[in-house]
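To start, the structure under review is shown below, and the notes come after it.
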Amino acid sequence: MMIVNKTRDQAFPLQAAVTRILKEDIMFKRHIAATSLGFALLTATAIAQTSTPSPTAPAATPAPATDAMKAPATNLAGQGKWRATKLIGVDIYGPDDKKVGDITEVLFDKTGKIEMVTVGVGGFLGLGSKDVAIPFEQVNWSDQPMAAAAPAPSAGGSSASGTTATAPAASAQKAPAMYPDHGKITMTKEQLTSAPAVTYSGS
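Take 3 as the starting number for the sequence shown in our numbering and just add one per residue.
Here's what the structure looks like:
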């Protein structure tokens with residue numbers, strides 16, 4: 003009698019077929035799941051790259067500028083500001099309302115604060131004059147011209163001016179000059195003349 007050795011698949015053909023079908027089904031589902039995941043990722047990337055704002059959405063309006071961000075006004079006249087170049091040459095008067103000199107220099111610190119001005123005194127036509135430093139806060143600035151002194155009667159009956167003060171201001175309103183008309187200090191011309199002169203080291 004001949005013994006035939008049958009394999010498991012041959013002995014149980016139905017069970018083998020079912021097992022094979024189940025394995026193929028699992029592999030197919032895994033393939034479908036992987037394909038679906040890849041497609042979803044590609045679709046999300048494409049949408050992110052090509053998405054644009056909705057045409058019906060209102061355009062963003064810029065935030066209102068704060069005072070710190072605003073550009074400075076171009077017309078500075080009448081804003082209480084002075085020009086340093088115009089300050090040089092302004093007349094300085096002493097306590098007796100007599101002119102003692104004029105501003106020759108404006109000195110300020112690194113923060114931009116004016117610390118002092120120099121007043122040119124003495125000399126004649128620029129010869130023999132010197133600069134004397136005056137702390138800025140010790141100068142009383144005025145926008146109004148010095149009042150003209152009343153003429154003093156002379157012995158012959160004619161009148162002569164007692165001071166060299168400027169003529170009175172015109173009644174008409176003038177445009178802002180952006181510099182004071184004059185300054186006044188408590189030192190006389192004699193005190194300024196005897197004061198030490200300013201030296202500018204390295205200049």
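The C-beta atom is built at its ideal place from N, Cα and C for all residues, glycine as well.
If you're wondering where the values come from, they're calculated on a predicted model, not measured in any experiment.
When the Cα atoms are used, what is the spatial distance from K115 to P182? As a working mapping, residue 115 is identified with position 113 in the sequence shown. As a working mapping, residue 182 is identified with position 180 in the sequence shown. Each residue's alpha carbon lies about 18 Å from the other.
Requested in this report: Output the distance between the C-alpha atoms of T76 and G82, rounded to the nearest integer angstrom.
Outcome: Position 74 of the sequence shown, counting from 1, holds the residue named residue 76. Position 80 of the sequence shown, counting from 1, holds the residue named residue 82. When rounded, the distance between both Cα atoms is 14 Å.
Query raised in the report: Is the Cβ-Cβ distance between V123 and G103 less than 8 Å?
Result: Counting from one through the sequence shown, the residue named residue 123 turns up at place 121. Counting from one through the sequence shown, the residue named residue 103 turns up at place 101. Yes.
*Return the first residue and the last residue of the alpha helix (DSSP H) that K101 is part of.*
By 1-based counting over the sequence shown, the position of residue 101 is 99. Run containing K101: none in the alpha helix (DSSP H); it sits in the beta strand (DSSP E), K101 to F110.
Buried or exposed (CB count within 10 angstroms, at least 16 for buried), M29 | By one-based count along the sequence shown, residue 29 stands at place 27. Exposed, since its Cβ has fewer than 16 Cβ neighbours within 10 Å.
Item checked: Closest Cα partner of N142 within the set V121, Y95 and V134 -> If you number the sequence shown from 1, residue 142 lands on position 140. Here the closest residue by C-alpha is Y95.
With a cut-off of 8 Å on the beta carbons, I'd call V200 and D133 a contact; round off their distance for me.
-> Residue 200 sits at position 198 when you count from the first residue of the sequence shown. Residue 133 sits at position 131 when you count from the first residue of the sequence shown. Rounded, the Cβ-Cβ distance is 5 Å, consistent with contact.
Checklist entry - Cα separation between A172 and L109? => result Counting from 1 along the sequence shown, the entry for residue 172 is found at position 170. Counting from 1 along the sequence shown, the entry for residue 109 is found at position 107. At A172, the pLDDT of 48 sits below 50, so the modelled position is not reliable and the matter cannot be decided from this model.
Quick one: what does DSSP say K83 is sitting in, helix, strand or coil? Taking the sequence shown and counting its residues from 1, one reaches residue 83 at position 81. K83 falls in the coil class under three-state DSSP.
>> Given a cut-off of 8 Å on the beta-carbon distance, is the pair H184 and V121 in contact?
In response: Within the sequence shown, residue 184 is the residue found at index 182, counting from 1. Within the sequence shown, residue 121 is the residue found at index 119, counting from 1. No.
TODO: Flag this pair as yes or no: are the beta carbons of S101 and S144 separated by less than 8 Å?
DONE: The count along the sequence shown starts at 1 and reaches residue 101 at position 99. The count along the sequence shown starts at 1 and reaches residue 144 at position 142. The question names Ser, but residue 101 in the sequence shown is Lys. No.
Which residues DSSP lists as bridging D93, in chain order: Position 91 of the sequence shown holds residue 93. BP columns for D93 point to D104 and H184.
* **Where I136 falls, given that 16 or more other Cβ within 10 Å makes a residue buried** => Translated into the one-based positions of the sequence shown, residue 136 becomes position 134. With 16 or more Cβ atoms within 10 Å of its Cβ, I136 is classed as buried.
Beta-ladder partner(s) of T120, from DSSP:
The count along the sequence shown starts at 1 and reaches residue 120 at position 118. BP columns for T120 point to E107 and A135.
Q.
Is the separation between the beta-carbon of T190 and that of P97 shorter than 8 Å?
A. For the purposes of this step, residue 190 is taken as residue 188 along the sequence shown, with counting starting at 1. For the purposes of this step, residue 97 is taken as residue 95 along the sequence shown, with counting starting at 1. Yes, the Cβ-Cβ distance between T190 and P97 is below 8 Å.
Inset, instruction - Please report how far the alpha carbon of A18 lies from the alpha carbon of L24, in whole angstroms. - result: As a working mapping, residue 18 is identified with position 16 in the sequence shown. As a working mapping, residue 24 is identified with position 22 in the sequence shown. For A18 and L24, the distance between alpha carbons rounds to 10 Å.
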